[in-house]
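Participant: Residue numbers (the UniProt record's numbering): 1 to 223. Backbone N, C-alpha and C fix where the C-beta goes; we use that ideal spot for every residue, glycine too. None of the values given here were measured: they were computed from a predicted structure. To start, I am sharing the structure in question, which I have written as structure tokens.
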Amino acid sequence: MTRTILSSFAILFFLLAGCKKDNYEKPASTLTGKVVYNKEPIGLRSRGVQLELWQHGFQLFTKIPVSVSQDGSFSAMLFDGNYKLVLLPGNGPWVNNTDSIDVTVRGSTTVDVTVQPYFIIRSAPVTKNGTEITATVSIEKISAAQSLESISLYAGKTNIVDQVNNQGSVTVNAADIPDQSQPVTIKMNIPAGLVTQNYFFARVGVKTAGVAESIYSLPVKIE
Numbered sequence: 001m002t003r004t005i006l007s008s009f010a011i012l013f014f015l016l017a018g019c020k021k022d023n024y025e026k027p028a029s030t031l032t033g034k035v036v037y038n039k040e041p042i043g044l045r046s047r048g049v050q051l052e053l054w055q056h057g058f059q060l061f062t063k064i065p066v067s068v069s070q071d072g073s074f075s076a077m078l079f080d081g082n083y084k085l086v087l088l089p090g091n092g093p094w095v096n097n098t099d100s101i102d103v104t105v106r107g108s109t110t111v112d113v114t115v116q117p118y119f120i121i122r123s124a125p126v127t128k129n130g131t132e133i134t135a136t137v138s139i140e141k142i143s144a145a146q147s148l149e150s151i152s153l154y155a156g157k158t159n160i161v162d163q164v165n166n167q168g169s170v171t172v173n174a175a176d177i178p179d180q181s182q183p184v185t186i187k188m189n190i191p192a193g194l195v196t197q198n199y200f201f202a203r204v205g206v207k208t209a210g211v212a213e214s215i216y217s218l219p220v221k222i223e
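Laid out in structure tokens, this is it:
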């Protein structure tokens with residue numbers, strides 16, 4: 001009899017614990033935004049750059065990592081509350097900024113993160129001629145803190161194309177660019193893996209010396 005009563009209590013305990021777990025409140029508010037310069041989004045490597053959200057809790061100061069998409073946008077599901085949005089040092093193609101941004105999330109909330117890139121891409125049209133693609137790249141130096149390392153042209157099967165995701169690339173080093181204020185022409189033979197494709201995508205990346213991540217143009221569909 002005693003064993004039966006104990007078993008009943010044990011079953012009741014696990015049922016209640018299960019109900020509590022199932023009824024756990026999930027984040028229902030959305031924080032969205034973009035990383036921008038002069039109100040224009042910054043092109044990045046897909047999920048190569050990460051922001052951090054910090055929120056004071058009852059016991060801990062909790063970190064919430066937020067990945068940034070290649071068009072500079074980001075999104076996170078959160079509980080309503082007050083947060084600090086932080087840029088990770090050395091994690092983007094821009095000047096380090098240790099200032100945090102105070103964000104109050106209530107329902108759908110939008111906030112843009114302003115950065116100062118080392119370089120920006122003014123234009124980067126890509127054209128196809130036979131088995132060759134050509135990019136004409138115009139850049140502008142925004143910060144004198146670092147120098148240009150290289151400019152690259154990437155081609156890939158999808159619009160997610162960058163220094164990691166590509167079928168082929170060509171790089172022109174800064175030493176081979178006598179005048180960085182003038183457009184730079186980069187030519188590349190269509191990679192073998194893309195020759196039979198009906199279309200593919202191309203994109204330009206500009207790398208700053210001593211900085212891991214590049215700044216990118218928008219992907220261009222080549223047909």
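Name the residue from VAL184, SER152, PRO125 and VAL86 whose alpha carbon lies nearest to the alpha carbon of GLU52.
Facilitator: As a working mapping, residue 52 is identified with position 52 in the sequence shown. Looking at the Cα atoms, VAL86 is the closest of the given residues.
Participant: Which residues does DSSP list as the beta-bridge partners of GLY92?
Facilitator: As a working mapping, residue 92 is identified with position 92 in the sequence shown. Its beta-bridge partners do not exist; DSSP assigns none.
Participant: Go ahead and label ALA28 buried or exposed: buried means 16 or more other beta carbons lie within 10 angstroms of its beta carbon, across all protein chains shown.
Facilitator: Along the sequence shown, read from residue 1 onward, the residue named residue 28 stands at position 28. Exposed: under 16 other Cβ atoms inside 10 Å.
Participant: By Cβ distance below 6 Å, which residues in the same chain neighbour GLY92 in space, the five residues on each side in sequence not counted?
Facilitator: Here the question's residue 92 lines up with position 92 in the sequence shown. VAL49 and GLU213.
Participant: Between THR131, TYR83, ARG122 and ASN97, which lies nearest to THR110 when the distance is taken from Cα to Cα?
Facilitator: Counting from one through the sequence shown, the residue named residue 110 turns up at place 110. That would be TYR83, whose Cα lies nearest to the Cα of THR110.
Participant: For the beta strand (DSSP E) containing LYS84, name the first residue and the last one.
Facilitator: Position 84 of the sequence shown holds residue 84. Looking at the DSSP string, the run of the beta strand (DSSP E) that includes LYS84 is 81-87.
Participant: Restricting to runs no shorter than 3 residues, where is the beta strand (DSSP E) found entirely within the UniProt domain "DUF3823" (120-220)?
Facilitator: 126-129, 132-141, 148-156, 168-173, 184-189 and 200-208
Participant: Which residues bound the beta strand (DSSP E) around LEU31?
Facilitator: By 1-based counting over the sequence shown, the position of residue 31 is 31. For LEU31, the enclosing beta strand (DSSP E) starts and ends at 29-37.
Participant: Could you tell me how far apart the beta carbons of PHE119 and GLY156 are, in whole angstroms, since I believe they sit closer than 8 Å?
Facilitator: Within the sequence shown, numbered from 1, the residue matching residue 119 stands at position 119. Within the sequence shown, numbered from 1, the residue matching residue 156 stands at position 156. Not a contact, Cβ separation roughly 22 Å.
Participant: Assess, as a yes-or-no matter, whether the stretch 188-203 is touched by the stretch 153-172 under the definition of 3 or more beta carbon pairs within less than 8 Å.
Facilitator: yes
Participant: Just to confirm the assignment, what range does the beta strand (DSSP E) spanning ILE101 have?
Facilitator: For the purposes of this step, residue 101 is taken as residue 101 along the sequence shown, with counting starting at 1. Note, ILE101: beta strand (DSSP E), 101-105.
Participant: So what's GLN50 in DSSP terms, helix, strand or just coil?
Facilitator: Here residue 50 refers to the residue found at position 50 when the sequence shown is read from its first residue. Three-state DSSP puts GLN50 in a strand.
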